[in-house]
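Residue numbers (the numbering used here): 62 to 290.
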Ligand SMILES: *Cc1c(COP(=O)(O)O)cnc(C)c1O
């Protein structure tokens, strides 16, 4: 991969913006209904700066500690940045997550709902909350299985007083994604949830076709991620 797509430029961002516009128009949707979450996990601040400079203000991170290390300084320069947690969240990190993030995409169990509710109460900060659905019912993946979604939603609301704003999924790598996107879209519609977080670098046009309001795109913007040690 040439250097311009890995560091120091925002050409990947331009391409993804164009891709979102195209997919929206192809499906009779307003491109403004689709929010691009630029997933900057593992990318150093130097790789994120040009994307901020190009006007992108919504970013996704996977790891609470990494985000805490990178974002306070970047946010000082760009205070209107919105930060999304897209990776799995351990209950013992709920405090830091509520303090740092504006949207949490990975609520998937009652114990985590309890931890988040406690921190929301304590801090008065109210990040938007999405429930992650494990549409492929994969053992190694986070998310509530579809058959348990209704119960989790009800318990989040009734037991913990949490407002749930939407749903998120990561389809199995080996499956065509559209059936998973359709399942998630139907569930969101059934429960009147406005946010539909689905679609990554490889499949965001399909997700937009199925109604995604938020696409989470990393590699197509920042280039391949360096391997973690
Ligand atoms: C890494 C990640 C993404 C971005 O994936 P790309 O294929 O690099 O676009 C999106 N969502 C989640 C939950 C991720 O962990």
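Beta carbons: idealized from backbone N, C-alpha and C, even for Gly.
As assigned by DSSP and simplified to three states, the class of residue i
i, result
"residue 150", "coil"
"residue 227", "strand"
"residue 122", "strand"
"residue 112", "helix"
"residue 252", "coil"
"residue 182", "helix"
"residue 196", "coil"
"residue 189", "strand"
"residue 235", "coil"
"residue 158", "helix"
"residue 63", "Confidence in residue 63 is poor, its pLDDT being 41 and thus under 50, which makes the residue's placement unreliable; the coordinate value appears in the next sentence. Residue 63: coil per DSSP, three-state reduction."
"residue 96", "strand"
"residue 259", "coil"
"residue 101", "coil"
Cutoff 6 Å; reference residue i; Cβ partners in own chain excluding five residues on either side
i, result
"residue 216", "171"
"residue 198", "206"
"residue 103", "286"
"residue 113", "139"
"residue 195", "202, 204 and 206"
"residue 88", "270"
"residue 238", "232, 264 and 267"
"residue 280", "262"
Sequence-distant residues of its chain with Cβ nearer than 8 Å to residue i (five each side left out)
i, result
"residue 62", "Reliability of the predicted coordinates at residue 62 is poor, the pLDDT of 42 falling under 50, and the value obtained from them is presented with this limitation in mind. Counting only Cβ-Cβ distances below 8 Å, and skipping sequence neighbours, we find 284 and 285."
"residue 163", "143, 144, 145, 188 and 189"
"residue 278", "77, 97, 98, 99, 100, 260, 261, 262 and 265"
"residue 243", "271"
"residue 135", "106, 109, 110, 113 and 142"
C-beta atoms of residue i and residue j nearer than 7 Å
i, j, result
"residue 106", "residue 129", "no"
"residue 259", "residue 240", "no"
"residue 191", "residue 256", "yes"
"residue 115", "residue 150", "no"
"residue 109", "residue 92", "no"
"residue 79", "residue 269", "no"
"residue 254", "residue 227", "yes"
"residue 295", "residue 210", "The structure shown has nothing for residue 295, since the chain only spans 62 to 290."
Contacts around residue i, its chain only, beta-carbon distance under 7 Å, and the 5 residues preceding and following it disregarded
i, result
"residue 184", "159 and 160"
"residue 156", "180"
"residue 231", "202"
"residue 95", "81, 85, 269, 273, 274 and 276"
CB contact check: residue i to chain D, cutoff 7 Å
i, result
"residue 189", "In the displayed structure, chain D is absent; only one protein chain is listed."
**Request:** Count the C-beta pairs between the stretch 156-176 and the stretch 214-227 that are closer than 8 Å, then say yes if the count reaches three, no if not.
**Result:** yes
**Sufficient close CB pairs (3 or more, under 8 Å) joining the stretch 198-214 to the stretch 163-170** = yes
**Request:** Inspect the CB distances between the stretch 138-145 and the stretch 115-126 and report whether three or more fall short of 8 Å.
**Result:** In this structure the stretch 138-145 touches the stretch 115-126; the number of beta carbon pairs closer than 8 Å is three or more.
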